[in-house]
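Chemist:
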Amino acid sequence: MSFTGSLKAVLTIAYKEFVHVWRDRRVLLLILVLPPFFTLVFGHAFEGTAVRDVVTMFHDADGSAESQKFADLLHGKDVLGALVEGSDNPEKVRKDINDLLQNLRDTFAWKPWTGDQKGPVNLIENGADAAVVIPKGWGQALLEGKPMAMRAVLDGSDTNTAPSVQAVLQQALGVFQLNERYELIKNLPGEVVDLGEQLTPATQHEFSSSLTPWEFDTEILYNPKLLFVDYVVPGMVGLILQLVTVTLIASTITREREVGTLSQLLVTPLRQSEIVIGKVLPYLFISMFLIAGTIAIGHLHFGIKIHEPLLLSVVCFLFLLCSLGLGLLISAFSKTQTQAIQFSVFLLLPIILLSGAFAPLSQLPISIRVFSELFPLTHFCRAFRSVNMYRADFGFISTDLLALAAGAVITCIGAAFLLRTAED
Amino acid sequence: MPKPLIVLNDLSKKFGHTAAVDKISMSIGEGEVFGFLGANGAGKTTTIRMLCGLAKPTGGSASIDGLDVWRDRFRIRSKFGYVSQRFSLYGDLTVRENLRFFAGAYRQNHVNDRVARMVKEMDLEPYRDTRAGKLSGGYKQLLSMACALIHEPALLFLDEPTAGLDPVHRQTIWDFLYQVTQSGTTIFVTTHYMDEAERCTDVGFVQHGRLVAKGSPRELKQGLGGDMLEVHVEPPMPAVLELRKFPGVAGVDLRSGRLRVHAADPHGLVEQWHRSWPFPGLKWLGYSWVEPDMEDVFNAYAQGHHLQNQNQGQVEAAVK
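Read top to bottom, the protein sequences are chains A and B.
Numbering-wise, my numbering comes out as the position in the first sequence, counting from 1, plus 1428.
Numbering-wise, my numbering comes out as the position in the second sequence, counting from 1, plus 778.
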């Protein structure tokens, strides 16, 4: 049989399948509306991971000038003038301080202390998420250079909030102490300064160096703005498309088996390969369109930048092909449409949880990660993020691409084979 | 005898321990209209599915035009058409789209011409853009046949094409089948309407997977050994039940108010009943001899087999 003959046969089936989808208006509406809609909803659901408005009780037991100043800082007031003045790069320090103040104002929603100020703190009873106490004698201890711990009570049941609050408190305290040191230097008596002039330049330098705080020049790689959305949206797009492709195509062969058209199809000279390819084509077309649409929403609405569109298209193409093959395999394997949907659900559940669409795969134990490698979504998420967030090239993601291609070929051949034998 | 087109040789199909088709051997000649008769579950559909290469025989073999139905199934697919038992077309596609699809699937050229011609031949013109799922039962069946014939095969399998149709549509379908045979197409049709069996050139009876009789309708009727006894008894309904219990009676059917009696020795029965009428609650009004029809043939084979089983049961009981 000629190639053009086969091509015509494939197109005959593809056209028919397309008409099925086109005429099933309810499903058509579903697959056109839900993926973009889900992308919007899920995107926003996972966007707001920054800790905000933590209800925090505050008590200043010290009542010194120092403690008042630190309390002002915690409440977002700028008390760090000395730090800016004393810096070599005042502009940068000013900006960092403003960021910190903004962060403090965002993080905390202060409320006055209620109830007992000593002894154990009951956060739940007081309707608070955290509590901060400046202990008596703290200001004096600071001046004398004797460290005195400040008291912070955090709700550890919220694994996200507690470390964030702790970090911001730590940062505020560190910056405050630096500022105090600058003020100290600024207010040194004239004699000390004169005395310093007499030192050798080398000693002078050493001395001032030990007084100048060493700052971390922190630079965040890969996801500089720490946008969770950049990480999550590709996973979500993949997840939605995984769901849509598998469930859509899973019913195509079983429907024909239930209605009886499969027998009719199998007595024609159509080959199994032609049937399989003809069935995959229209769904591939539709799902490529869908994935482009959902990624466009990620770009336009969530501001996710798309790098290397060509390479990403290859990733998407192979992922969809592999997913459709998987759905078709389920379809050829199931006896009824109900069975096909049940199989799909049971397969999709581990895919959702173990593919790394939301949580990094590295958090999973190695024995589970072996299973993860079996899912097309795992390879899609890794390849997509590698390219889009880490600027990886073709060589870097070739293993994932190869896995997706192999998955597509194996599942399609399996489906074709099952078509042939499934009749008895 | 025309040249054999389909040859079955001990063709068998077992599902577990149940033999759905049990060593059927027969041959069907070119150009014949072969009626495959039997009760539901007798093995008609399984036989057709094996002949179409949709089910693998578990024993024996069959060939179409010299090609094995299983081994060479991919080669013979373009040679026949198959209309399955249920309506098996795409309900969301229109009449013409269905035809076009099957024309494409059978790799035909000039698809549009073919479809247009078929629509015309089948009188489907007014419905050509109607979705197949919205057609009435008769038109659905016509469309199924049109799809199975779109590639002009030399052989057409039909699995109960008239089941559930009204007499008018049944007539239409048969008229069309005659039209198809004009061009020399062989037809293999299963049915359980006995009047349709009369229309076949050759008939095979299958029961519990076994072929119990095969021949032309005339041969089969003659095989019954003469005319049928028809008695006139009042009231007829209770009479059917009473007469069936009488020793020597194999079966009783009510036809137009008369009782048709199947028996090994009907003449003996009439003599016996003339001497003394054994049913005090029933009134004997006379009897006549009528020519058997296919339904009688079918009943004779069905009940004969049943009788045999009963005898076997009695023998087994006696042995114990």
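Just so it is clear, CB atoms sit at the ideal spot from N, CA and C, and this is done for glycine as well.
If you're wondering where the values come from, they're calculated on a predicted model, not measured in any experiment.
For the structure I just gave you, are there three or more beta carbon pairs, one from the segment 1669-1679 of chain A and one from the segment 1750-1759 of chain A, closer than 8 Å?
Modeler: yes
Chemist: Suppose contacts are defined by Cβ-Cβ distances below 7 Å. Is residue 1036 (chain B) in contact with residue 1010 (chain B) by that definition?
Modeler: Start at 1 with the first residue of the second sequence, and residue 1036 (chain B) comes out as number 258. Start at 1 with the first residue of the second sequence, and residue 1010 (chain B) comes out as number 232. Yes. Within cutoff.
Chemist: Taking only runs that begin and end inside the segment 1467-1499 of chain A, name each unbroken alpha helix (DSSP H) of 4 or more residues, in chain order.
Modeler: none
Chemist: Taking Cβ positions only, does residue 1692 (chain A) come closer than 7 Å to chain B?
Modeler: The count along the first sequence starts at 1 and reaches residue 1692 (chain A) at position 264. So, interface residue.
Chemist: Can you pull the DSSP bridge partners for residue 842 (chain B)?
Modeler: For this step, residue 842 (chain B) is matched to residue 64 along the second sequence. Per DSSP, B:784 and B:845.
Chemist: Answer with buried or exposed for residue 1051 (chain B), where buried requires no fewer than 16 other C-beta atoms within 10 angstroms of its C-beta.
Modeler: Working through the second sequence from its first residue, we reach residue 1051 (chain B) at position 273. By the 10 Å Cβ count, residue 1051 (chain B) comes out buried.
Chemist: Just the C-alpha distance for residue 1448 (chain A) and residue 1457 (chain A), rounded to the nearest angstrom, thanks.
Modeler: Numbered from its first residue, the first sequence carries residue 1448 (chain A) at position 20. Numbered from its first residue, the first sequence carries residue 1457 (chain A) at position 29. Their backbone Cα atoms lie some 13 Å apart in a straight line.
Chemist: Can you name the start and end residues of the beta strand (DSSP E) that residue 1734 (chain A) belongs to?
Modeler: In the first sequence, residue 1734 (chain A) corresponds to position 306, counting from 1. In the DSSP assignment, residue 1734 (chain A) falls outside any beta strand (DSSP E), carrying neither H nor E.
Chemist: For chain B, is any of its Cβ atoms less than 7 Å away from the one on residue 1442 (chain A)?
Modeler: Within the first sequence, residue 1442 (chain A) is the residue found at index 14, counting from 1. No, because no Cβ of chain B sits closer than 7 Å to the Cβ of residue 1442 (chain A).
Chemist: Can you pull the DSSP bridge partners for residue 1052 (chain B)?
Modeler: Your numbering for residue 1052 (chain B) matches position 274 in the second sequence. In the DSSP output, where bridge partners are listed per residue, residue 1052 (chain B) has none listed.
Chemist: Between the Cα of residue 1480 (chain A) and those of A:1530, A:1559, A:1570 and A:1779, spot the shortest distance and give me the residue it belongs to.
Modeler: Here residue 1480 (chain A) refers to the residue found at position 52 when the first sequence is read from its first residue. Of the listed residues, the one whose Cα sits closest to residue 1480 (chain A) is A:1530.
Chemist: Any beta-carbon of chain B closer than 7 Å to the one on residue 1688 (chain A)?
Modeler: On the first sequence, position 260 is the one that residue 1688 (chain A) refers to. In terms of beta-carbon proximity, residue 1688 (chain A) lines the interface with chain B, with at least one pair separated by less than 7 Å.
Chemist: When the distance is taken between beta carbons, is residue 884 (chain B) closer than 7 Å to residue 1854 (chain A)?
Modeler: Nothing in the structure corresponds to residue 1854 (chain A), since chain A is present only between 1429 and 1852.
Chemist: Could you check whether the Cβ of residue 1432 (chain A) sits closer than 7 Å to any Cβ belonging to chain B?
Modeler: Taking the first sequence and counting its residues from 1, the one referred to as residue 1432 (chain A) is at position 4. So no, residue 1432 (chain A) is outside the interface.
Chemist: What is the residue span of the alpha helix (DSSP H) that residue 1778 (chain A) lies within?
Modeler: For the purposes of this step, residue 1778 (chain A) is identified with residue 350 of the first sequence, where counting begins at 1. 1765-1782 is the span of the alpha helix (DSSP H), which, as asked, contains residue 1778 (chain A).
Chemist: Mind checking whether the beta-carbon of residue 1595 (chain A) lies closer than 6 Å to any heavy atom of the ligand PLP?
Modeler: Of the ligands one can find in the structure shown there are none, so the ligand PLP has no counterpart to examine.
Chemist: Quick check on residue 1552 (chain A): does DSSP put it in helix, strand or coil?
Modeler: Position 124 of the first sequence holds residue 1552 (chain A). DSSP places residue 1552 (chain A) in coil when its eight states are reduced to three.
Chemist: According to DSSP, is residue 993 (chain B) helix, strand or coil?
Modeler: Here residue 993 (chain B) is taken as the residue at index 215 of the second sequence, counted from 1. Looking at residue 993 (chain B) - three-state DSSP - the assignment turns out to be strand.
Chemist: Between the segment 824-844 of chain B and the segment 782-797 of chain B, do at least 3 Cβ pairs fall closer than 8 Å?
Modeler: yes
Chemist: Secondary structure at residue 900 (chain B), three-state DSSP: helix, strand or coil?
Modeler: Along the second sequence, read from residue 1 onward, the residue named residue 900 (chain B) stands at position 122. If DSSP states are grouped into helix, strand and coil, residue 900 (chain B) belongs with coil.
Chemist: So if DSSP puts residue 920 (chain B) in a beta bridge, which residue, or which two residues, is it bridged to?
Modeler: The residue labelled residue 920 (chain B) in the question sits at position 142 within the second sequence. Partner(s): none; residue 920 (chain B) has no beta bridge.
Chemist: Which residue marks the beginning of the alpha helix (DSSP H) containing residue 1689 (chain A), and which one marks its end?
Modeler: Taking the first sequence and counting its residues from 1, the one referred to as residue 1689 (chain A) is at position 261. Per DSSP, residue 1689 (chain A) belongs to the alpha helix (DSSP H) from 1689-1694.
Chemist: Can you name the start and end residues of the beta strand (DSSP E) that residue 1562 (chain A) belongs to?
Modeler: In the first sequence, counting from the first residue as 1, residue 1562 (chain A) sits at position 134. Per DSSP, residue 1562 (chain A) belongs to the beta strand (DSSP E) from 1558-1562.
Chemist: Could you work out which residues of chain B lie near residue 1698 (chain A), taking near to mean beta carbons separated by less than 7 Å?
Modeler: Position 270 of the first sequence holds residue 1698 (chain A). Result: 883.
Chemist: Taking the beta strand (DSSP E) that residue 1540 (chain A) falls in, what are its first and last residues?
Modeler: The residue given as residue 1540 (chain A) occupies position 112 in the first sequence. That run of the beta strand (DSSP E) goes 1536-1540.
Chemist: Between residue 1583 (chain A) and the rest of its own chain, which residues show a CB-CB distance below 7 Å, the 5 nearest in sequence each way excluded?
Modeler: Position 155 of the first sequence, counted from the start, is the residue given in the question as residue 1583 (chain A). Counting only Cβ-Cβ distances below 7 Å, and skipping sequence neighbours, we find 1551, 1557, 1558, 1589 and 1590.
Chemist: Just the C-alpha distance for residue 1805 (chain A) and residue 1834 (chain A), rounded to the nearest angstrom, thanks.
Modeler: Looking up residue 1805 (chain A) in the first sequence gives position 377. Looking up residue 1834 (chain A) in the first sequence gives position 406. Roughly 14 Å between the two C-alpha positions.
Chemist: By Cβ distance below 6 Å, which residues in the same chain neighbour residue 1569 (chain A) in space, the five residues on each side in sequence not counted?
Modeler: Taking the first residue of the first sequence as 1, we reach residue 1569 (chain A) at position 141. Answer for residue 1569 (chain A): 1576, listed in chain order.
Chemist: For a contact defined as C-beta to C-beta under 7 Å, what are the partners of residue 879 (chain B) on chain A?
Modeler: Along the second sequence, read from residue 1 onward, the residue named residue 879 (chain B) stands at position 101. In chain order: 1440 and 1444.
Chemist: Report yes or no: is there a C-beta of chain B within less than 7 Å of the C-beta of residue 1797 (chain A)?
Modeler: As a working note, residue 1797 (chain A) is residue 369 in the first sequence. Judged by the 7 Å Cβ criterion, residue 1797 (chain A) is not in contact with chain B.
Chemist: Pull up the distance between the alpha-carbon of residue 1607 (chain A) and that of residue 1738 (chain A), whole angstroms please.
Modeler: The sequence position of residue 1607 (chain A) within the first sequence is 179, counting from 1. The sequence position of residue 1738 (chain A) within the first sequence is 310, counting from 1. Using only the alpha carbons, I get a separation of about 51 Å.
Chemist: If you follow the beta strand (DSSP E) that residue 1026 (chain B) is in, where does it begin and where does it stop?
Modeler: Start at 1 with the first residue of the second sequence, and residue 1026 (chain B) comes out as number 248. Neither: residue 1026 (chain B) is in no beta strand (DSSP E) and is coded neither H nor E.
Chemist: What are the start and end residues of the alpha helix (DSSP H) that includes residue 1603 (chain A)?
Modeler: Here residue 1603 (chain A) refers to the residue found at position 175 of the first sequence. Its alpha helix (DSSP H) spans residues 1589-1614.
Chemist: Given this structure, state the Cα-to-Cα distance separating residue 894 (chain B) from residue 1452 (chain A), to the nearest angstrom.
Modeler: In the second sequence, counting from the first residue as 1, residue 894 (chain B) sits at position 116. In the first sequence, counting from the first residue as 1, residue 1452 (chain A) sits at position 24. Distance between the alpha carbons of residue 894 (chain B) and residue 1452 (chain A): 27 Å.
Chemist: By alpha-carbon positions, which one of A:1811, A:1761, A:1808 and A:1700 ends up nearest to residue 1441 (chain A)?
Modeler: On the first sequence, position 13 is the one that residue 1441 (chain A) refers to. Ranking A:1811, A:1761, A:1808 and A:1700 by Cα distance to residue 1441 (chain A) puts A:1700 first.
Chemist: Between A:1500, A:1537 and A:1572, which has its C-alpha nearest residue 1562 (chain A)'s C-alpha?
Modeler: Position 134 of the first sequence, counted from the first residue, corresponds to residue 1562 (chain A). Looking at the Cα atoms, A:1500 is the closest of the given residues.
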